[in-house]
Amino acid sequence: MSIHWPSGWHYQRVCHALDRGGVVAYPTEGVFGLGCNPWDPKAVERLWRVKKRCRSKGFILLSHNQQVFEPLLELLPCEIREAINRSWPGPVTWVIPVQGLPSWLTGGFPGIALRVTDHPVAARLCAHWGGALISTSANISGQKPAVYTNGVRIRFGNKVDAILPGNVGSLGRTTPIFDALTGNQLRD
């Protein structure tokens with residue numbers, strides 16, 4: 012498989028779509044992700060419709076840098092923060108307890124899922140965007156996620172405002188999710 016690296020133009024196009032409340036697709040550690048601006052309720056509403064996702068499920072916030080999540084992590088006990096630090100950046104998602112975040116992000120649960128990605132394309136997108144993005148697998152809920160750019164196009168057509176081309180990482184599946192407080196694995 013040849014490696015495809017997006018150009019600066021691709022990143023600008025995707026960030027422009029995010030600025031305008033769009034839903035975008037991008038490669039991650041194991042599958043393509045769908046994302047939007049987590050602080051724009053209209054964008055999140057579009058993402059729910061595109062993915063046909065249940066509103067009671069929370070989303071993952073994805074970033075390129077742990078400092079973006081530091082305000083959410085600072086109240087965790089040191090040993091839990093150290094465990095999280097050892098896994099980031101990387102293909103591990105942690106659910107941490109939070110209060111005060113919108114229910115469209117948490118699904119009404121008392122926690123939020125966070126990941127600092129080590130995928131070069133996803134990380135660069137977050138850096139260009141300047142913060143965290145919602146990240147959810149590029150699929151209709153309950154179906155297999157897309158692993159190629161063309162798979163995103165076939166599944167979603169013009170319902171996605173921009174696609175950042177690139178290769179997914181070698182994980183071969185969605186990232187595992189762990190409960191930060193208990194260490195229990197919530198998703199393989």
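So in the numbering used here, spot 88 of the sequence shown is number 99, and the numbers just go up one at a time.
We put the CB at the ideal spot given by N, CA and C, even for glycine.
Because the structure is a prediction, the values reported are computed rather than measured.
Practice task
Tell me, please, whether the stretch 72 to 88 touches the stretch 164 to 176 by the rule of three or more beta-carbon pairs shorter than 8 Å.
Solution key: Short answer: they don't touch.
Problem - Length of the line joining the Cα atoms of Leu45 and Ala143 - result: 13 Å
Handout entry: Alpha-carbon to alpha-carbon, Thr104 and Arg92
Key = Going from the Cα of Arg92 to the Cα of Thr104 covers about 13 Å.
Exercise for the section: Using three-state DSSP, classify Ala133 as helix, strand or coil. Expected result: helix
Practice task
Go ahead and pull the three-state DSSP assignment for Phe43.
Solution key: DSSP, read as helix, strand or coil, puts Phe43 in strand.
Exercise for the section: Work out the CA separation of Leu125 and Leu83 for me, nearest whole Å. Expected result: Each residue's Cα considered, the two are about 10 Å apart.
Handout entry: 8 Å Cβ cutoff met for Gly122 and Ile107
Key = yes
Practice task
Enumerate in chain order the residues of its own chain whose CB-to-CB distance from Val61 is below 8 Å, with the five nearest sequence positions on each side excluded.
Solution key: Val34, Leu45, Phe167, Lys170, Val171
Problem - Same chain, Cβ closer than 8 Å to Cys26, five either side skipped, listed in chain order - result: Correct list, in chain order: Leu136, His139, Trp140.
Practice task
Kindly identify the DSSP beta-bridge partner or partners of Gln154.
Solution key: Answer is none; Gln154 lacks a bridge partner.
Practice task
Along the beta strand (DSSP E) that carries Tyr159, what are the first and last residues, could you check?
Solution key: Here Tyr159 belongs to no beta strand (DSSP E), and DSSP marks it neither H nor E.
Practice task
For the stretch 36 to 92, list the beta strand (DSSP E) runs that are entirely contained and at least 3 residues long, ordered along the chain.
Solution key: 43 to 46, 71 to 74
Problem - Inter-residue spacing [alpha-carbon to alpha-carbon] between Met12 and Pro38 - result: Note that Met12 scores 48 on pLDDT, short of 50, meaning its location in the model is unreliable and no value can be drawn from it.
Problem - Pairwise C-alpha distance: Thr193 and Asn96 - result: 16 Å
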